[in-house]
Structures are given as C-alpha cells and as structure tokens.
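Reviewing the structure listed below.
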Amino acid sequence: MSVNCDIAFTLNGVKRELSVPAGMSALEMLRERLGLTGTKYGCGEGECGACTILVDGATVNSCLMFAADCDGRDLVTVEGVVVREAGERLRDAFVACGAVQCGFCTPGLIVQASHMIERDHAGDEAAIRRGIEGNLCRCTGYRKIIEAIAAAADVTTQGAEHGRS
Amino acid sequence: MADIKRYAAPTTLEEASEMLRAGNVTVLAGGTDLMPQTRAGRLQFQPVLMNVRRVPELGGIDDQGTMVRIGALVTITELLESQLVRERLNLLWQACNHFASDQIRNAATVGGNVCNASPAGDTLVPLLALNACAVLAAKPNGALQLRRVPLNGFFLGPGRSCRVPAELLTAIEVPLPPAGFKGEFYKHGTRPGLDIAAIAIALGARRDGAVLRDVRVAFGAVAPTPVRAPRTEAAIEGRPVDAAMLETAACTALEEVHPISDVRASDWYRRELIHNMIKRVLMHVGQL
C-alpha cells in the first residue's frame, strides 16, 4: 500500500483534515472516506464527467485528481453546489424539464452547469452544448438537459417546451 | 500498482530539482494523464511521487518581448483565457480550443502535455509549428542549470522525450511569429469533444501579395512523434495558393508522414486525411 499523507482542505465550506494514501484519487476519498456519494464513479478516466467537482472554483474530474493534491485547496461537491443559488435553480429546472432519467450523470452535470452559469459560460445553446462536452448521458439524448440548463440560466433554446422562461 | 513510498510537494524549483537529482521520482502536475496511465498499468509509479503544482517558478504566461514564456504548470484553460496567446500564438490557442473537455482543460497543464510526448498531443503540433523550445532544469552538482531544447528534436517516440529523469520541464518558450503570421489548426476526430486526434495539422504562414511566406507545417498522430514537415513547407513557400500548389503540397505531405493503423484510424485513412485536409487548411490560410 502507498504511503499516507496528511492533508487539510476545505470541503463544502467546512475545514477537513485527513490522512490519505498517496495513490488515492480525490473521488475515492470523497466517496469512500468521507461518505459523500453524490459524486459518481463512471469511467475512471476523465471521459464521462460523472465525478465532476469544483476545485478552487473550477470544475475537474475528481477521478483524475490525486487526493493528496487536495491539500490546501477549496473543494465543492454536488452536495455543496445544490445549496447555492445556481445549484438550486438547476435542480428545479432538471426536475421541471424531465432532464433526469437514470440520474447517474446528473450530479456531474449539475456541478458543471453551475460552474458554467456562475462564470457566464451558458449564454446560449451553443455555449451550453460546448460546456457539457465532458459530461456523458446515456439516457436522455441531452435535449432535456440542455433545456434545463438553459432554463436555469434564463436562456431561450430552439424548440424549448419545458422550463421556466 | 507499484507502491509509493514517499509523497512530496516541494514549493521551490531548487527543492524540486534536488529531489529529482536524488532519483526514483514520478512527477505529478495536472494528473490527467498520470492517473489513468498508472491505473491502467501502462505506467508504474516510482517510489517518490512529487507533486510540482506548488512550485511558483513553473507558472505564468509572460510576454518577454521577442518570445512568450509559458510556465510548465499553465493549464489549457489559462492558455485559452490569455489574450496574448489568442492574439499572438493563435495556432496554439486554436489547439487548446479543441482540447478534451472543460474539466480536463481546467486541470491539464501544457508541461504535462509536452512531457507525456503523445504522438497525438494536441498542443504539441502548434508548438512545433511555432518553433517552441523546452526549458529543462537540473541540479547536477548543487547549482541549478537550465538547458533549452527545441521542441523539434525533443520528442523521441511515443511517450519518450530527451528529458532525462533528473530534469524538470520548467517552461515552454515560444518566439513571437512574424507580424502578419496567421494559421489554422485542424484536428480530425469522430466527435468535437474529448477525442484523441486521428490526425492533426498546424499550418501557419504570412501572406505576401499573392504568395505565402514563412510557412510552417506540423503534423500530429501520423508518426511516432508529432513532426514538422520541412519538405511540405518548401513546397508551399513563396507560391500562390492555386490548384497546382495545393496538389504539390498534398503529395509532398504524403511523403513526409508515416502513419500506423490503430483503434482511431487505419494508416490508409490517415493518409487520405492528410492529403485532403492539408489542401483545405491551405485554402483557409490563403484567405486569412
């Protein structure tokens, strides 16, 4: 087993201290050591985006991040995103638009979309499509997800039938 | 997976170089290549895992007059958001715009892309075309020494470069191209996001009346390393962009590439792509 390293970081606004194996991923740390199972393990190689979290305000694939590298950084998971304003709007819009089927990709999409909205990177449908390139959904065909993000961002999409706008 | 016996996160270049000199080190930056490669068993951890992300000397995009210094830790997102890169190193900017996904661009570093030395590495193709140079630091006998290696010559094969284990890539230096230099980066994949290039082309030139000058061409994913294409450049240099020149350039390019067949494309298809797409890229550059 790899050597342990002691790390200290902020997780969803709360300071945490932990000892983690050097080879552990941030995703394993979140799910298996801290019990935050909202962040999903999909592909394990950065293709699917189900494990998306915010680190120092930018989204990353937590499966590709070493837990040891969380030292001194500010982590926000889907559990922390949905209590923010953009996260709440996204959650409501995903429900209203029927953007959830099996739900496995949803946490990653909510985190990525909240990042896009907060950074003003969801200004139109093209920007939304571009922003979620790193998030795979195997159920919905993306249409309703795009509509939900557009609704939460107050953007009109072509042929939008759902949402609040 | 091999055991990691020690984890270190040095905070100065001196400290990091000292650790590298002691040996048996795996260097961690963004982690987007290291993690999947070690998990899949394609790469074994050395006993020491050294995270260089906290070394300030490795950051920053600096305009140094005749060239731009890009710190090894600069992320693809930082390159995309840099006005300097967008305006003066636009070929590189275009490649960053085709790079993976937002999540990976936020973590992946240009230094990692270079050291990973993939034949299909997205930033390597424009960096080669831009005459970029790798800056390597080592501390062989107590004093920090820098060595500069032109990127054209840096790559030795898939995953292999002339960086020796005791060296750390600190920056990429990119000379500013001549005024009026414009270019196009083209990457062929099956989908726009998160794809590894089947082929990539970076072509830059300066228009002088009807003809192109200062022509630079680089290809990705058509040889064991990303490559410059000097004969293709010569076939384009000083000539107007007309049908005859396009055909000569395309045929010359075919002589310069040596693609293999793999999961992404057959060698035949890669050659077809090079032959046809260099014409399209050339036509675009001729109109810029």
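Here the protein sequences line up with chains A and B, keeping their order. In the numbering used here, each residue's number is its place in the first sequence (first place is 1) plus 1086. In the numbering used here, each residue's number is its place in the second sequence (first place is 1) plus 1292. Think of the CB as a built atom: it goes at the ideal place given N, C-alpha and C, for glycine as much as any other residue. Just so we're clear, the structure is a prediction, and the values are computed from it rather than from any experiment.
What is the C-beta distance between residue i and residue j, in whole angstroms, given that I count them as a contact (C-beta under 8 Å)?
i: T1401 (chain B); j: T1367 (chain B); result: 6 Å
i: A1182 (chain A); j: I1093 (chain A); result: With 8 Å as the limit, A1182 (chain A) and I1093 (chain A) do not qualify as a contact, their Cβ atoms being about 39 Å apart.
i: V1347 (chain B); j: A1300 (chain B); result: Rounded, the Cβ-Cβ distance is 11 Å, inconsistent with contact.
i: I1296 (chain B); j: S1088 (chain A); result: 4 Å
i: N1147 (chain A); j: Q1395 (chain B); result: 5 Å
i: V1377 (chain B); j: Y1478 (chain B); result: About 18 Å; that fails the 8 Å criterion.
Which residue's Cα is closest to the Cα of residue i: the options?
i: V1360 (chain B); options: B:G1413, B:A1489 and B:N1423; result: B:N1423
i: C1129 (chain A); options: A:L1222, A:R1229, A:Y1228 and A:A1237; result: A:L1222
i: L1326 (chain B); options: B:C1407, B:N1433, B:A1463 and B:F1473; result: B:C1407
i: A1185 (chain A); options: A:C1191, A:K1230, A:R1224 and A:G1132; result: A:K1230
i: A1213 (chain A); options: B:F1446, B:G1485 and B:R1452; result: B:G1485
i: A1463 (chain B); options: B:R1346, B:Q1579 and B:G1352; result: B:G1352
i: G1322 (chain B); options: B:R1397, B:I1296, B:L1372 and B:A1435; result: B:R1397
i: E1379 (chain B); options: B:A1471, B:D1487, B:T1544 and B:V1509; result: B:A1471
i: I1528 (chain B); options: B:V1519, B:K1431, B:R1498 and B:A1515; result: B:R1498
i: C1188 (chain A); options: A:K1126, A:D1206 and A:S1105; result: A:K1126
i: R1508 (chain B); options: B:L1419, B:D1355 and B:A1426; result: B:L1419
i: L1305 (chain B); options: B:I1570, B:G1434 and B:A1526; result: B:G1434
i: A1542 (chain B); options: B:E1564, B:R1556, B:P1532 and B:S1553; result: B:E1564
i: G1132 (chain A); options: A:A1236, A:E1219 and A:T1242; result: A:E1219
i: R1224 (chain A); options: A:C1191, A:L1176 and A:T1242; result: A:C1191
i: A1412 (chain B); options: B:K1571, B:L1580, B:I1552 and B:N1568; result: B:I1552
i: R1531 (chain B); options: B:S1374, B:F1391, B:D1554 and B:A1502; result: B:A1502
Would you mind stating whether residue i and residue j have Cβ atoms separated by less than 8 Å?
i: S1410 (chain B); j: P1442 (chain B); result: no
i: E1476 (chain B); j: V1577 (chain B); result: yes
i: L1320 (chain B); j: F1152 (chain A); result: yes
i: E1171 (chain A); j: N1098 (chain A); result: no
i: G1496 (chain B); j: A1489 (chain B); result: no
i: F1180 (chain A); j: A1234 (chain A); result: yes
i: C1156 (chain A); j: C1137 (chain A); result: no
i: E1548 (chain B); j: T1524 (chain B); result: yes
i: L1372 (chain B); j: C1388 (chain B); result: yes
i: F1447 (chain B); j: T1544 (chain B); result: no
i: L1140 (chain A); j: V1197 (chain A); result: yes
i: R1215 (chain A); j: I1232 (chain A); result: yes
i: S1309 (chain B); j: A1421 (chain B); result: no
i: L1460 (chain B); j: L1312 (chain B); result: yes
i: S1200 (chain A); j: G1173 (chain A); result: yes
i: I1491 (chain B); j: A1513 (chain B); result: yes
i: R1520 (chain B); j: N1444 (chain B); result: yes
i: A1609 (chain B); j: T1324 (chain B); result: What the structure shows of chain B is the stretch from 1293 to 1580, and residue 1609 (chain B) is not part of that stretch, so it cannot be assessed.
i: L1116 (chain A); j: T1163 (chain A); result: yes
Using the beta-carbon count (16 or more within 10 Å), is residue i buried or exposed?
i: P1469 (chain B); result: buried
i: C1134 (chain A); result: buried
i: E1103 (chain A); result: exposed
i: H1550 (chain B); result: exposed
i: T1303 (chain B); result: exposed
i: S1558 (chain B); result: exposed
i: L1438 (chain B); result: exposed
i: R1483 (chain B); result: exposed
i: D1500 (chain B); result: exposed
i: Q1356 (chain B); result: exposed
Quick one: which chain B residues come within Cβ less than 7 Å of residue i?
i: V1146 (chain A); result: Q1395, N1398 and A1399
What does residue i touch in chain A if you count any residue whose Cβ is under 7 Å from its own?
i: T1486 (chain B); result: At residue 1486 (chain B) the sequence reads Leu, which differs from the Thr that was named. Result: E1133, E1219 and G1220.
Could you work out which residues of chain B lie near residue i, taking near to mean beta carbons separated by less than 8 Å?
i: G1173 (chain A); result: In chain order: nothing, as chain B lies at least about 17 Å away.
i: T1138 (chain A); result: Q1395
i: S1111 (chain A); result: M1327
Taking residue i as the query, report the chain B residues whose CB atoms sit under 9 Å from its CB, ordered along the chain.
i: M1115 (chain A); result: Per Cβ cutoff of 9 Å: no residues; M1115 (chain A) is ~13 Å from chain B at best.
i: Q1187 (chain A); result: Those within 9 Å of Q1187 (chain A) in chain B number zero; the least Cβ separation is about 21 Å.
Cβ of residue i versus every heavy atom of the ligand GDP: is any distance shorter than 7 Å?
i: R1345 (chain B); result: Annotation note on the ligand GDP: not contained in the displayed structure, which lists no ligands.
Could you name the residues of chain A that residue i contacts, counting a contact when the two beta carbons are closer than 8 Å?
i: I1528 (chain B); result: Those within 8 Å of I1528 (chain B) in chain A number zero; the least Cβ separation is about 32 Å.
i: P1328 (chain B); result: G1130, E1131, G1132 and L1150
i: L1320 (chain B); result: F1152 and D1155
i: G1323 (chain B); result: L1150, M1151, F1152 and D1155
Please compile the residues from chain A whose C-beta is within a distance smaller than 9 Å of the C-beta of residue i.
i: K1297 (chain B); result: S1088, V1089 and A1108
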